[in-house]
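Trainee: Under our numbering, read the sequence shown as residues 1 to 269, first letter to last. Just dropping this structure here.
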Amino acid sequence: MTHDSAGYPKSYAEFVEVTHPVDIMGRVNAEHWTGRLYLRHISPFLSMPLLRTSVTPNQVTGAFIFIGLLIGPCYLIPGIAGPIAAALVSQFHGLVDCVDGEIARWKRQFSPAGNLLDSLGHFSAEALIPLFIGLRASDLFGSQPDLLWGLLGAITGMLVLYRKSVNQIVQVSLAKAGLPLMRDSSEMRDTSASLLRRLRQIVRHLPIQRISHSVESTLVALAAGIVGLFVGDVLAFRWLVAILAPLTLLITTLFTIQAALSKRLRPAS
């Protein structure tokens, strides 16, 4: 659909038609389920007013990065208020992630810097969440803090960062070989190892592969916070860290093997 990129949309429907194309909404992994379910229906009400301002997509992405950095520290807030705040900030983080792309598509303002900033926003937020969950589990401000849990949370955050980096490394490898980039990370799943395919099929039918995403991790932590009202907050979050750490290690290992064995990365026969 053609439109006046310097003008203002005539209606909500016109804006959505331009900014929510099929190749965006149809992405298997890149488009989060919250976007399809409700965030993409709300975000135009924030994006459209910004079209009347001089705000650029990259400036919105800068705000997206800052908001993401606030999610983890919410777990230092005592009581159930901390997990609630983290979950709410995470939702707003996802909303702003929709806005920058919508403004870019309407104004036709695209740049490699925008892609870089967007990746930084996701990487930093999702790596810091397990770190601060670990610090909460260590009872940092208690009379006898156990920083081992904080260390375990930091290691989990590093694993999250590593797994997300693998995606970028794959794209760089393809670019260096002069091959087309993967439009969706699901393309990496095409492997010939039968055992790996079976493991992937098992993981695919379980929600664990999304546990490191900011929305899912904050919702799981909110559940831990609710359980903590009955069994004790520190105990609940220590159980959460004890589950997240090996689960993240398993997912990271499978993901790395899957990437290494992907047919897309093999030399042409």
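Yeah, the Cβ is synthetic: ideal placement off N, Cα and C, and Gly gets one too.
Under 8 Å by Cβ, that's how I've got Glu126 and Ser214 pegged, so tell me the actual separation to the nearest angstrom.
Mentor: The residue given as residue 126 occupies position 126 in the sequence shown. The residue given as residue 214 occupies position 214 in the sequence shown. Yes, they are in contact, since the Cβ atoms of Glu126 and Ser214 sit about 5 Å apart, within 8 Å.
Trainee: For Ala11, name the three-state secondary structure that DSSP assigns.
Mentor: Locating residue 11 in the sequence shown gives position 11, counting from the first residue. Note on identity: in this sequence residue 11 is Ser, with Ala being the wrong assignment. Residue state, collapsed to three classes: coil.
Trainee: Buried or exposed for His52, going by 16 or more other Cβ atoms inside 10 Å?
Mentor: Position 52 of the sequence shown, counted from the start, is the residue given in the question as residue 52. The question names His, but residue 52 in the sequence shown is Arg. That one is exposed.
Trainee: Between Ala242 and Ala86, is the Cβ-Cβ spacing less than 8 Å?
Mentor: Mapped onto the sequence shown, residue 242 falls at position 242. Mapped onto the sequence shown, residue 86 falls at position 86. For Ala242 and Ala86, no; Cβs fall outside 8 Å.
Trainee: List, from N- to C-terminal side, the alpha helix (DSSP H) runs of 4 residues or more that fit wholly inside the segment 100–184.
Mentor: Listed in chain order, they are 112–137 and 148–176.
Trainee: Between Lys164 and the rest of its own chain, which residues show a CB-CB distance below 6 Å, the 5 nearest in sequence each way excluded?
Mentor: The count along the sequence shown starts at 1 and reaches residue 164 at position 164. Answer for Lys164: Phe123, listed in chain order.
Trainee: What residue range is occupied by the uninterrupted alpha helix (DSSP H) comprising Leu76?
Mentor: Counting from 1 along the sequence shown, the entry for residue 76 is found at position 76. Premise fails: Leu76 is in no alpha helix (DSSP H) and is neither H nor E.
Trainee: Name the residue from Ser262, Gly94 and Leu151 whose alpha carbon lies nearest to the alpha carbon of Trp33.
Mentor: For the purposes of this step, residue 33 is taken as residue 33 along the sequence shown, with counting starting at 1. It is Gly94.
Trainee: I need the straight-line Cα distance from Leu151 to Leu131, nearest angstrom please.
Mentor: Here the question's residue 151 lines up with position 151 in the sequence shown. Here the question's residue 131 lines up with position 131 in the sequence shown. Approximately 8 Å, taken between the alpha carbons.
Trainee: Go to Gly225, then tell me how far its alpha helix (DSSP H) extends in each direction, as first and last residue.
Mentor: As a working note, residue 225 is residue 225 in the sequence shown. Residues Ser214 to Val231.
Trainee: Relative to the C-alpha of Asp304, which candidate in Arg136, Pro57 and Phe92 has its C-alpha closest?
Mentor: Because the chain here runs from 1 to 269, residue 304 falls outside it and cannot be looked at.
Trainee: With DSSP collapsed to three states, give me the class of Ser90.
Mentor: Reading the sequence shown from its first residue, position 90 is the one you call residue 90. Looking at Ser90 - three-state DSSP - the assignment turns out to be helix.
Trainee: CA-CA distance, Ser5 and Ile251?
Mentor: In the sequence shown, the residue the question calls residue 5 occupies position 5. In the sequence shown, the residue the question calls residue 251 occupies position 251. Distance between the alpha carbons of Ser5 and Ile251: 42 Å.
Trainee: If we call anything under 8 Å between Cβ atoms a contact, is Ile103 one with Leu50?
Mentor: Mapped onto the sequence shown, residue 103 falls at position 103. Mapped onto the sequence shown, residue 50 falls at position 50. Going by C-beta atoms, Ile103 is nearer than 8 Å to Leu50.
Trainee: Assuming Arg238 and Ala137 are in contact, meaning their beta carbons sit under 8 Å apart, how far apart are those beta carbons, in whole angstroms?
Mentor: Counting from one through the sequence shown, the residue named residue 238 turns up at place 238. Counting from one through the sequence shown, the residue named residue 137 turns up at place 137. With a Cβ gap of about 5 Å, Arg238 and Ala137 count as contacting.
Trainee: Alpha carbon to alpha carbon, how far is Thr256 from Ser111? Give it in angstroms, no decimals.
Mentor: Position 111 of the sequence shown, counted from the start, is the residue given in the question as residue 111. Position 256 of the sequence shown, counted from the start, is the residue given in the question as residue 256. Approximately 29 Å between the Cα atoms of the pair.
Trainee: Evaluate Pro246 with the Cβ neighbour count: other Cβ atoms within 10 Å of its Cβ, from every protein chain shown; 16 or more gives buried, anything less gives exposed.
Mentor: As a working note, residue 246 is residue 246 in the sequence shown. Per the 10 Å Cβ criterion, exposed.
Trainee: Mind checking which residues open and close the alpha helix (DSSP H) that includes Pro49?
Mentor: Start at 1 with the first residue of the sequence shown, and residue 49 comes out as number 49. Per DSSP, Pro49 belongs to the alpha helix (DSSP H) from Pro44 to Leu50.
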